[in-house]
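Enquirer: Structure provided below as structure tokens; questions to follow.
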Amino acid sequence: MTDRASQIAAFLARHGLEGAKREPLAGDASARRYERLTTLDGGTLILVDTPVPAEDLMPFIAIGATLDRLGFSVPAILAAEVEAGLAIQEDFGDGTLTRLLNAGEEPRPLYELATDVLIELHRRFPVEEAACLNLPLYDAALFTQQVALFADVYLPAATGKPLSDKARSDFDAAWAAVVPEACAGPQSLLLRDYHVDNVMRLPRPGLRAAGLIDYQSAGLGPVAYDLVSLLEDARRDLPAGLEGVLLDRYRASFPDRDWGAFRRSYAVLGAIRHTRIVAIFVRLALQRRRGYLLHLPRVWRLLEGQLAKPELAPVADWFARHLPPGTRAELVVPEPD
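Take the sequence shown: its letter number 212 is residue 212 in UniProt numbering, and every next letter is one higher.
What follows is the structure, encoded as structure tokens:
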């Protein structure tokens with residue numbers, strides 16, 4: 001038995017779960033591992049195994065407590081040893097919105113539920129609480145830093161060589177010209193990875209029917225980010241016209257906001273997210289996790305849709321010069337040695 005396996009076994013024993021049946025669950029793009037624990041009485045729990053130092057476990061617990069207090073469903077933490085990167089949490093089951101959609105359920109009610117969560121989160125979250133939670137600020141500087149992953153990972157993979165200093169400087173300048181305005185509007189808790197894989201349907205009333213997971217990287221940031229993450233999903237297409245319906249639903253809930261400014265923020269933040277995801281999927285492919293490449297054409301299509309908008313003109317010009325249309329989604333990532 002490895003040291004980590006022994007540590008986990010001892011952790012489970014300390015919490016009366018040494019006899020539980022353990023079943024690995026499919027993970028995500030992170031290094032975290034999850035197991036479903038079936039107890040002797042037939043109940044189930046989730047074991048969370050986070051690499052040490054477990055920098056995201058404490059935020060997950062703290063942010064979850066805030067979300068629960070505000071009326072949202074999050075997994076209850078039943079035991080945790082943060083320094084060891086281990087926790088036992090409530091099992092929400094397997095009913096992600098993704099699985100429900102794949103099983104043929106009507107998309108609109110599921111997406112309306114997920115959109116309503118954001119509406120209420122943006123109404124209820126007290127912005128001043130961000131400091132108490134020590135949340136990162138998703139501002140123009142951080143978004144510009146994050147989108148640089150495209151220049152550092154995607155371009156070398158696409159061209160076989162790093163960007164020139166001039167091209168890299170122009171890349172940074174193009175984004176710096178559009179990002180500050182996108183971050184200038186209303187702020188709230190930004191969940192960061194909000195999409196149908198991370199929302200579960202629960203047998204609970206109202207908004208509690210939406211079970212939220214994977215929010216450990218949440219911060220304080222512009223309200224449009226999570227909505228574009230949900231409605232311009234890197235992994236699946238929405239039915240035609242549904243994005244507009246849901247945007248109108250969100251808009252009707254905040255009639256006093258500047259909708260033009262919101263739509264410009266939505267476009268820029270969507271472009272940032274899509275650009276970064278392209279780089280992340282390629283980085284994962286270079287690490288022998290090539291399944292994500294299946295989604296590259298969709299992400300490029302979403303990105304190009306945003307680049308066509310006037311508020312993205314400086315960024316669109318950079319892409320036109322360095323990656324003209326027809327040279328983008330066709331990238332073939334070589335197999336790692």
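Cβ atoms here follow ideal geometry from the backbone N, Cα and C, with glycine treated the same way.
With a cut-off of 8 Å on the beta carbons, I'd call R33 and D49 a contact; round off their distance for me.
Expert: Taking the first residue of the sequence shown as 1, we reach residue 33 at position 33. Taking the first residue of the sequence shown as 1, we reach residue 49 at position 49. Indeed they touch by this definition, with Cβ atoms about 4 Å apart.
Enquirer: Quick one: residues in its chain with C-beta nearer than 8 Å to the C-beta of H15, no 5 flanking neighbours on either side, listed in chain order?
Expert: Taking the sequence shown and counting its residues from 1, one reaches residue 15 at position 15. If we look at H15 and ignore the five residues flanking it on each side, its Cβ neighbours are L78, A79, I88.
Enquirer: Spatial neighbours of P59 within its chain, please: CB distance less than 6 Å, with the 5 preceding and 5 following residues excluded, ordered by chain position.
Expert: Numbered from its first residue, the sequence shown carries residue 59 at position 59. Excluding residues within five positions, the ones whose Cβ falls inside 6 Å are Q216.
Enquirer: Contact check, R236 vs V196 under 8 Å by CB: the rounded distance?
Expert: Translated into positions along the sequence shown, residue 236 becomes position 236. Translated into positions along the sequence shown, residue 196 becomes position 196. Rounded, the Cβ-Cβ distance is 7 Å, consistent with contact.
Enquirer: Please tell me whether L269 and L220 are closer than 8 Å, where the distance is taken between their beta carbons.
Expert: Residue numbering aside, residue 269 sits at position 269 when the sequence shown is read from its first letter. Residue numbering aside, residue 220 sits at position 220 when the sequence shown is read from its first letter. It is not a contact, given that the beta carbons lie outside the stated cut-off.
Enquirer: Suppose the cutoff is 7 Å on Cβ atoms and the five residues either side in sequence are ignored; what does the same chain contact list for D170 look like?
Expert: For this step, residue 170 is matched to residue 170 along the sequence shown. Within the same chain, D170 has close Cβ partners W318.
Enquirer: Do the region 102-115 and the region 134-152 touch if we need at least three Cβ pairs shorter than 8 Å?
Expert: Not touching, per the Cβ criterion.
Enquirer: May I have a chain-ordered list of the beta strand (DSSP E) segments no shorter than 3 residues that lie completely inside the region 204-265?
Expert: Counting only runs of 3 or more, we get 210-212, 219-222.
Enquirer: Taking the straight line between their C-alpha atoms, what separation do you get for A261 and A252?
Expert: The residue labelled residue 261 in the question sits at position 261 within the sequence shown. The residue labelled residue 252 in the question sits at position 252 within the sequence shown. Distance between the alpha carbons of A261 and A252: 15 Å.
Enquirer: Is the CB-CB distance between G71 and L207 below 8 Å?
Expert: As a first step, residue 71 must be located in the sequence shown, where it is residue number 71. As a first step, residue 207 must be located in the sequence shown, where it is residue number 207. Cβ atoms of G71 and L207: closer than 8 Å.
Enquirer: Does the Cβ-Cβ distance between L212 and L67 come in under 8 Å?
Expert: Working through the sequence shown from its first residue, we reach residue 212 at position 212. Working through the sequence shown from its first residue, we reach residue 67 at position 67. In contact: L212 and L67 (Cβ atoms closer than 8 Å).
Enquirer: Contact between the region 226-236 and the region 284-304 is defined here as three or more beta-carbon pairs at a separation below 8 Å; is this criterion met?
Expert: The answer is yes - the region 284-304 touches the region 226-236, with three or more Cβ pairs under 8 Å.
Enquirer: Which first and last residues belong to the alpha helix (DSSP H) in which S6 is found?
Expert: Position 6 of the sequence shown, counting from 1, holds the residue named residue 6. S6 -> alpha helix (DSSP H) spans 3-14.
Enquirer: In chain order, what residues of the same chain lie with their CB nearer than 6 Å to the CB of P239, ignoring the 5 residues before and after it?
Expert: What you label residue 239 is simply residue 239 of the sequence shown in a count that begins at 1. P107, listed in sequence order.
Enquirer: What would DSSP say about A148, mapped onto helix, strand or coil?
Expert: Working through the sequence shown from its first residue, we reach residue 148 at position 148. In this structure, A148 counts as coil in the three-state DSSP scheme.
Enquirer: If I measure Cβ to Cβ from V223 and keep anything under 6 Å in the same chain, skipping five residues before and after, which residues do I get?
Expert: Residue numbering aside, residue 223 sits at position 223 when the sequence shown is read from its first letter. Here the set comprises H122, P186, S188.
Enquirer: Counting only the same chain and skipping the five closest in sequence on each side, list residues whose C-beta sits under 8 Å from that of E35.
Expert: Mapped onto the sequence shown, residue 35 falls at position 35. Only R22, E23, P24, L25, I46, L47, D49 meet the Cβ criterion.
Enquirer: Helix, strand or coil for Q306 per DSSP?
Expert: Against the sequence shown, residue 306 aligns to sequence position 306. In this structure, Q306 counts as helix in the three-state DSSP scheme.
Enquirer: Use the C-beta contact count for C183: other C-beta atoms within 10 angstroms, 16 or more gives buried, fewer gives exposed.
Expert: Numbered from 1 along the sequence shown, position 183 holds the residue referred to as residue 183. Burial call: buried.
Enquirer: By the 10 Å Cβ neighbour count, where 16 or more other Cβ atoms means buried, how is S73 classified, buried or exposed?
Expert: Within the sequence shown, residue 73 is the residue found at index 73, counting from 1. Its Cβ being crowded by 16 or more others within 10 Å, S73 is buried.
Enquirer: Cβ atoms of T39 and A20: under 8 Å apart, would you say?
Expert: Position 20 of the sequence shown holds residue 20. Position 39 of the sequence shown holds residue 39. Yes, the Cβ-Cβ distance between A20 and T39 is below 8 Å.
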